[in-house]
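**Q** Have a look at this one before I ask anything.
There are 4 protein chains.
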Amino acid sequence: MGTIGRPRSKSAHEAILKSALRLVAKRGFRAVSMNEIAADAGVGKMTIYRHWPNKAAVVMDSLLELIGNETAFPEAGNALESLRRQLHLQAAFFRSSRGNLIRSLVSEAQSDPELATAFRDRWLYPRRDDVRQNIKAAILEGSLRDDFNIDTAIDQLYGSLYYRLLLGSGVLNEQFIEDTYQQFLTGHQARLAVRKTPKSA
Amino acid sequence: MGTIGRPRSKSAHEAILKSALRLVAKRGFRAVSMNEIAADAGVGKMTIYRHWPNKAAVVMDSLLELIGNETAFPEAGNALESLRRQLHLQAAFFRSSRGNLIRSLVSEAQSDPELATAFRDRWLYPRRDDVRQNIKAAILEGSLRDDFNIDTAIDQLYGSLYYRLLLGSGVLNEQFIEDTYQQFLTGHQARLAVRKTPKSA
Amino acid sequence: MGTIGRPRSKSAHEAILKSALRLVAKRGFRAVSMNEIAADAGVGKMTIYRHWPNKAAVVMDSLLELIGNETAFPEAGNALESLRRQLHLQAAFFRSSRGNLIRSLVSEAQSDPELATAFRDRWLYPRRDDVRQNIKAAILEGSLRDDFNIDTAIDQLYGSLYYRLLLGSGVLNEQFIEDTYQQFLTGHQARLAVRKTPKSA
Amino acid sequence: MGTIGRPRSKSAHEAILKSALRLVAKRGFRAVSMNEIAADAGVGKMTIYRHWPNKAAVVMDSLLELIGNETAFPEAGNALESLRRQLHLQAAFFRSSRGNLIRSLVSEAQSDPELATAFRDRWLYPRRDDVRQNIKAAILEGSLRDDFNIDTAIDQLYGSLYYRLLLGSGVLNEQFIEDTYQQFLTGHQARLAVRKTPKSA
DNA sequence: CATTAATCGAGACGGTACGTCCAGTCTTTAA
DNA sequence: TTAAAGACTGGACGTACCGTCTCGATTAATG
Chain A
267 MGTIGRPRSK SAHEAILKSA LRLVAKRGFR AVSMNEIAAD AGVGKMTIYR HWPNKAAVVM
327 DSLLELIGNE TAFPEAGNAL ESLRRQLHLQ AAFFRSSRGN LIRSLVSEAQ SDPELATAFR
387 DRWLYPRRDD VRQNIKAAIL EGSLRDDFNI DTAIDQLYGS LYYRLLLGSG VLNEQFIEDT
447 YQQFLTGHQA RLAVRKTPKS A
Chain B
267 MGTIGRPRSK SAHEAILKSA LRLVAKRGFR AVSMNEIAAD AGVGKMTIYR HWPNKAAVVM
327 DSLLELIGNE TAFPEAGNAL ESLRRQLHLQ AAFFRSSRGN LIRSLVSEAQ SDPELATAFR
387 DRWLYPRRDD VRQNIKAAIL EGSLRDDFNI DTAIDQLYGS LYYRLLLGSG VLNEQFIEDT
447 YQQFLTGHQA RLAVRKTPKS A
Chain C
267 MGTIGRPRSK SAHEAILKSA LRLVAKRGFR AVSMNEIAAD AGVGKMTIYR HWPNKAAVVM
327 DSLLELIGNE TAFPEAGNAL ESLRRQLHLQ AAFFRSSRGN LIRSLVSEAQ SDPELATAFR
387 DRWLYPRRDD VRQNIKAAIL EGSLRDDFNI DTAIDQLYGS LYYRLLLGSG VLNEQFIEDT
447 YQQFLTGHQA RLAVRKTPKS A
Chain D
267 MGTIGRPRSK SAHEAILKSA LRLVAKRGFR AVSMNEIAAD AGVGKMTIYR HWPNKAAVVM
327 DSLLELIGNE TAFPEAGNAL ESLRRQLHLQ AAFFRSSRGN LIRSLVSEAQ SDPELATAFR
387 DRWLYPRRDD VRQNIKAAIL EGSLRDDFNI DTAIDQLYGS LYYRLLLGSG VLNEQFIEDT
447 YQQFLTGHQA RLAVRKTPKS A
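Protein chains in written order, with the working numbering: chain A, 267 to 467; chain B, 267 to 467; chain C, 267 to 467; chain D, 267 to 467.
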C-alpha cells in the first residue's frame, strides 16, 4: 500500500552513498565532512540526515549497498579451495581503497555502540555465516575435522587479516594469506592415512 | 646547567597522565575533551600542550608510562609456558578498562598517521620483539620448529585477540586463549617421537 | 471563460487565513512556521504557496480580509468627532492581539521591499485616504483650517500611535489618545474669533 | 584587581562591532549572517557568541558604541533652538545608512522581548531623557508652558520621525521636520501676552 | 459518462543560517 | 620561565525553516 506524501528520492539516496563511498575511500572518514558529502552529491544536508542518523551510518550503508559482495565466496571445485580463494579476495579488498571503509567503520565503532552493533550485525556476522557454511561444507566433504570450535577458528583465520589492516604491522600480500591458510589447515585438516610436512616461509 | 625561571612541574606531568588514563579508560577517547583532562588534573591546558603535541599523544604516554608492563612475559619453567601465560595476561588486560586505551589509540590511528607510527613503534613492535625473543627461546629449547615465519605466526597468535577486542565478535575468555594457543602449537610445535591429539572445544 | 481542472478550495483559503491570523496574533510572526499554519489549517503547504507567494503575504491578507474594517471611521455628528472616535478605535485595535499583526508586518517589511510596498498600498494608504477624507470634511464643515499640509498632519497624528505600538515606550491608553487629539486640534482647529499667524506649509 | 586568564580581546571586540555596523548599514540585518560578520572581522564565530548572545545584541552594541552620540543635542543660544536642531540631526541620522540599524533593531525587537527591553533601556530612554531635560530647560527659560505631559509631547514629536523611518510613508526632509517642530510649538509654546485655555494633561 | 486537468493533503527536496562544540594556540597575571 | 586560567581562530556538527517539487487521490467542467 502506497504511503502519502512525496516518496523519498531514490536518486538522492544513491548519489549520497556514491559520494560517501568515493570521498571516504579516497580521503578517509574523518577528513570528509557531511557538508562535503552533501555538496558532492548535489543534495541538501537535511536529506542525508533524513535518511541516516549520522555520517557513520551513511558510510556503513555505502559499504553494504555498493560493494557488499566483493568478497563473496567464489566457486571452486571444493569448499576448501573456495575458502582459500575467498581469503585472497578479502585481502585484495582490504588492500584496495575500500579497506578505508572498513578501517573507518571499525574506528568509529569504538566510540559508537550503535554503529558497533550495526557493523557486527550487518557486515561481520553475515560474512562469518558464509565462512561457517563453507567450513561445514568442507567438513562434510571430509576435508576438515569435525571436532573444533568453528567460531574460534574463524577468529584465528580472519583476525590476522583485520590485524594487519588496522595495525599496519605488515603487508596483506599473497604469501601472508597463503601462510595463514596453511596454518589453518594444519590445525583443522582431516587426518589422512599418510601426511606430509606442513609449510610456511 | 642551571635553568632560569620556574621549573616544570613533575607532579603536573603525572597528574595529567593519570587523569587521561582514568577518564579515557572509563568513558573513551572521543567522549573526553582536553579541557576536561586539564580540569581533572588541576592543570592549565597549555601545560598539557607544552608536554605533548595532542590528545592522542597524552593517552599514548599514559598507556606506556602507567600501565606499560602489565603484559610483560611472566617467569615460567620454559619459554612455551611463559608464552601461554602472557597470552592470558594480554586477554585480561584487553578485558579490563585498560582495553579502552588500546581501542581508542587504534581507532584514532586510523586517521592519524603519526599516531599510527607512534603506536607501532612504541607499543606494538616492542611487544612483538618480546614475543619474538620468546619464540626464539622456545626454538632453542627445542619446543618449536625453526622453519616458520615468526612475524606471520605472531600475527596469527595476537591477531585474533585484537580482532575480538576491536570487533567484539566474541569474548576474550580463558577458553578462547587456550584454543588459540593450542592452534599455534599445532602448527609450530617441534615434532616429537610420539604425538598427542590436538584440541579445541 | 470557464477554467479547466479542479477549482481552488474556498474553504482551504479561509482556513489558512484564520489559522495564520490566530497563530500570529497569539505567538508572533517569527515564532510561527508555514508548516505549523498548514497543519493548523488542515492543509498541505503547497496549497498555501499556490494561493500566496510567502508567509508575509498570507498574514497580510489575513489582516485585510478578516479584520480590515475594525478601524473604520465610525458615524458621529461631525467629522471631527468621527476622527476622535477613530483614534480610540485604532488604539484599541493596536492594544488587542491584532496589534501583533501590524507589528509583524512592519517588522518583516524592514527587510522585504515588496512587503513594504504591499503594506503601504493595501493597508496604510487606504486608511490614510480615509483620514484625509475626514480631515477635508472637517475643513468643509469649518472645524479645521485649510492651510496646512494634510499628510504631515496625519503623520503627526498617527505616528505617535505606531511609535508606542512598535517601540513600547508607553501605553496606548485613552488619555494618551485624547492628548494626541487635542494637540492636533490646537494646531489645526479653525480660529473662532481672533487669531494670529498660522504656520506650516 | 586583575582577573586570571587571558582577557577578552578588545581589538576583536571592536573589529566585530565595526564589521557588524558596516555590513548591516549597507545590506540590512537579515541579509548579513554571523559567519559573514566573523569572516569580515577576521574572528572566530565563537568569539562573537562569547561576547554577545545573538546577532541583534551585536548590532545593538555597534549602534551604541560606535555612533551613539551622532544625535546629541547641539549647542545653540537657547533650549528651543537646540531642540529644533536636534530634530534635524535625528532626521539626517535616520536618512543615512545608519537608519538601517534602527530599522533592523526595531524590527527584530518585535519578536525578541529581551532586545525590545534593551533597545528601550539603552537607546530610546536615554535619548528621551535628553529631550526631557531640554524641554524642562525651555520651560525654565520661559519658552514653553509648564502644564503639559512631557512624555506624550515627546511621543508626538519623535513618533512621526520613527513612523516615516519605519513605514516609509514620506520623506524625512527638512520641511517635514520644520512642520513637526512648528506643530509642537503651537501646542506647547508659552503664551506671550494674552492667553486662553491651555490644553492636555 | 468518461476524460481531462488543475487542485488537494502530505511530506521530501535543495539551500542557507543558526548556535554549539572541541582541538590546538595565544595571552594575561601570579609564582 | 613556567604555571593556571581562559580567550582565541577555525571548522564540523546537527537543527530549523523557507519555498519548491512530487506523489496518489480528488473534483469540477468538458467532450
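Note that the Cβ used here is the ideal one computed from N, Cα and C, for glycine as well.
Roughly how many angstroms lie between the CA atoms of F442 (chain A) and I416 (chain A), to the nearest whole one?
**A** The residue labelled residue 442 (chain A) in the question sits at position 176 within the first sequence. The residue labelled residue 416 (chain A) in the question sits at position 150 within the first sequence. Rounded to whole angstroms, F442 (chain A) to I416 (chain A) spans 21 Å at the Cα level.
**Q** Which residue marks the beginning of the alpha helix (DSSP H) containing D395 (chain A), and which one marks its end?
**A** The count along the first sequence starts at 1 and reaches residue 395 (chain A) at position 129. It spans 391–406 - the alpha helix (DSSP H) in which D395 (chain A) sits, taken as one unbroken run.
**Q** For chain A, is any of its Cβ atoms less than 8 Å away from the one on F295 (chain B)?
**A** Sequence index remark: in the second sequence, residue 295 (chain B) carries index 29 (1-based). Chain A contact via Cβ: present.
**Q** Going by alpha carbons, who is nearest to A291 (chain D) out of D:G365, D:V437, D:E374?
**A** By one-based count along the fourth sequence, residue 291 (chain D) stands at place 25. For A291 (chain D), the nearest C-alpha among the options comes from D:G365.
**Q** Return helix, strand or coil for L438 (chain A), following the three-state DSSP convention.
**A** Locating residue 438 (chain A) in the first sequence gives position 172, where the first residue counts as 1. Looking at L438 (chain A) - three-state DSSP - the assignment turns out to be coil, as it is neither helix nor strand.
**Q** Does the pairing of the segment 400–408 of chain B with the segment 349–360 of chain A give three or more beta-carbon distances under 8 Å?
**A** No contact exists between the segment 400–408 of chain B and the segment 349–360 of chain A.
**Q** Would you tell me roughly how many angstroms separate the C-alpha atoms of E380 (chain B) and E331 (chain D), rounded to the nearest one?
**A** For the purposes of this step, residue 380 (chain B) is taken as the residue at position 114 of the second sequence. For the purposes of this step, residue 331 (chain D) is taken as the residue at position 65 of the fourth sequence. Cα-Cα distance, rounded: 48 Å.
**Q** Name the residue from B:H454, B:S370, B:W389, B:S328 whose alpha carbon lies nearest to the alpha carbon of S377 (chain A).
**A** Mapped onto the first sequence, residue 377 (chain A) falls at position 111. Among B:H454, B:S370, B:W389, B:S328, the Cα nearest to that of S377 (chain A) is on B:S370.
**Q** Which residues bound the alpha helix (DSSP H) around R364 (chain B)?
**A** Looking up residue 364 (chain B) in the second sequence gives position 98. No alpha helix (DSSP H) contains R364 (chain B), which DSSP labels as neither H nor E.
**Q** With T383 (chain A) as the anchor, note down where its alpha helix (DSSP H) starts and where it stops.
**A** For the purposes of this step, residue 383 (chain A) is taken as residue 117 along the first sequence, with counting starting at 1. Run containing T383 (chain A): 379–384, per the alpha helix (DSSP H) assignment.
**Q** Buried or exposed: which applies to V229 (chain C), given that a residue is buried once 16 or more other Cβ atoms fall within 10 Å of its Cβ?
**A** Residue 229 (chain C) is absent from the structure shown; chain C starts at 267 and stops at 467.
**Q** Please confirm if N415 (chain D) has its CB atom under 8 Å from at least one CB of chain C.
**A** In the fourth sequence, residue 415 (chain D) corresponds to position 149, counting from 1. Closer than 8 Å to some Cβ of chain C, the Cβ of N415 (chain D) qualifies, so yes.
**Q** So what does DSSP say about Q449 (chain D), is it helix, strand or coil?
**A** Within the fourth sequence, the letter at position 183 stands for residue 449 (chain D). Correct three-state label for Q449 (chain D): helix.
**Q** Return the chain-ordered list of same chain residues with a C-beta closer than 6 Å to the C-beta of R430 (chain C), the five sequence neighbours on each side being excluded.
**A** What you label residue 430 (chain C) is simply residue 164 of the third sequence in a count that begins at 1. Closer than 6 Å at Cβ, skipping near neighbours: G436, L438.
**Q** Measure the beta-carbon distance from L390 (chain B) to L433 (chain A) and round it to whole angstroms, keeping in mind my assumption that it falls under 8 Å.
**A** Within the second sequence, residue 390 (chain B) is the residue found at index 124, counting from 1. Within the first sequence, residue 433 (chain A) is the residue found at index 167, counting from 1. Between L433 (chain A) and L390 (chain B) the Cβ distance is about 6 Å, and since that is below 8 Å, they are a contact.
**Q** Looking at C-alpha atoms only, which residue of C:A286, C:P273, C:D413, C:D421 is the closest neighbour of S328 (chain C)?
**A** Residue 328 (chain C) sits at position 62 when you count from the first residue of the third sequence. The candidate whose alpha carbon is nearest that of S328 (chain C) is C:A286.
**Q** Would you identify the three-state DSSP class for S466 (chain D), choosing helix, strand or coil?
**A** Here residue 466 (chain D) refers to the residue found at position 200 of the fourth sequence. Legend: pLDDT at S466 (chain D) = 41, less than 50; position of this residue unreliable, no value from coordinates given.
**Q** Between which two residues does the alpha helix (DSSP H) harbouring L287 (chain B) extend?
**A** Translated into the one-based positions of the second sequence, residue 287 (chain B) becomes position 21. Start and end: 276–293.
**Q** Please name the residue, chosen from A:G294, A:A281, A:E280, that lies closest to V372 (chain A) on a Cα-to-Cα basis.
**A** As a position in the first sequence, residue 372 (chain A) is number 106, starting the count at 1. Ranking the options by Cα distance to V372 (chain A), first place goes to A:G294.
**Q** When the Cα atoms are used, what is the spatial distance from D413 (chain B) to A456 (chain B)?
**A** Position 147 of the second sequence, counting from 1, holds the residue named residue 413 (chain B). Position 190 of the second sequence, counting from 1, holds the residue named residue 456 (chain B). Cα to Cα, D413 (chain B) sits roughly 10 Å from A456 (chain B).
**Q** Assign T383 (chain A) to one of two classes, buried (16 or more other C-beta atoms within 10 Å of its C-beta) or exposed (fewer than that).
**A** Here the question's residue 383 (chain A) lines up with position 117 in the first sequence. Exposed is the call here.
**Q** Distance cutoff 8 Å, beta carbons only. Does F360 (chain C) sit that close to anything in chain D?
**A** Position 94 of the third sequence, counted from the start, is the residue given in the question as residue 360 (chain C). Cβ-Cβ to chain D under 8 Å: no for F360 (chain C).
**Q** Would you verify that the beta carbon of D387 (chain D) is, or is not, closer than 8 Å to some beta carbon of chain C?
**A** Your numbering for residue 387 (chain D) matches position 121 in the fourth sequence. False, the Cβ-Cβ gap to chain C never drops below 8 Å.
**Q** May I ask you to report which of helix, strand or coil DSSP gives Q352 (chain C)?
**A** Locating residue 352 (chain C) in the third sequence gives position 86, where the first residue counts as 1. In this structure, Q352 (chain C) counts as helix in the three-state DSSP scheme.
**Q** On the criterion of 16 or more Cβ atoms from any shown chain inside 10 Å, does A459 (chain B) qualify as buried, or is it exposed?
**A** Counting from one through the second sequence, the residue named residue 459 (chain B) turns up at place 193. Confidence at A459 (chain B) is low in this model, with a pLDDT of 38, below 50, so its placement is unreliable and no value can be given for it.
**Q** Give the DSSP-derived three-state secondary structure of R457 (chain C) in the structure shown.
**A** For the purposes of this step, residue 457 (chain C) is taken as residue 191 along the third sequence, with counting starting at 1. DSSP places R457 (chain C) in coil when its eight states are reduced to three.
**Q** Counting contacts by CB-CB distance shorter than 8 Å, is D445 (chain A) in contact with chain B?
**A** In the first sequence, the residue the question calls residue 445 (chain A) occupies position 179. Yes, contact with chain B.
**Q** Provide the residue(s) that pair with L410 (chain C) in DSSP beta bridges, ordered along the chain.
**A** What you label residue 410 (chain C) is simply residue 144 of the third sequence in a count that begins at 1. Partner(s): C:Q455.
**Q** Does any CB atom of chain A fall closer than 8 Å to the CB of D421 (chain B)?
**A** Locating residue 421 (chain B) in the second sequence gives position 155, where the first residue counts as 1. By this cut-off, D421 (chain B) is an interface position.
**Q** List the endpoints of the continuous alpha helix (DSSP H) containing A307 (chain C).
**A** Here residue 307 (chain C) refers to the residue found at position 41 when the third sequence is read from its first residue. Where A307 (chain C) is concerned, the enclosing alpha helix (DSSP H) stretches over 300–307.
**Q** If we cut at 8 Å on Cβ distances, does S348 (chain D) have a partner in chain C?
**A** Walking along the fourth sequence from the start, residue 348 (chain D) turns up at place 82. Answer no: the Cβ-Cβ gap between S348 (chain D) and chain C never drops below 8 Å.
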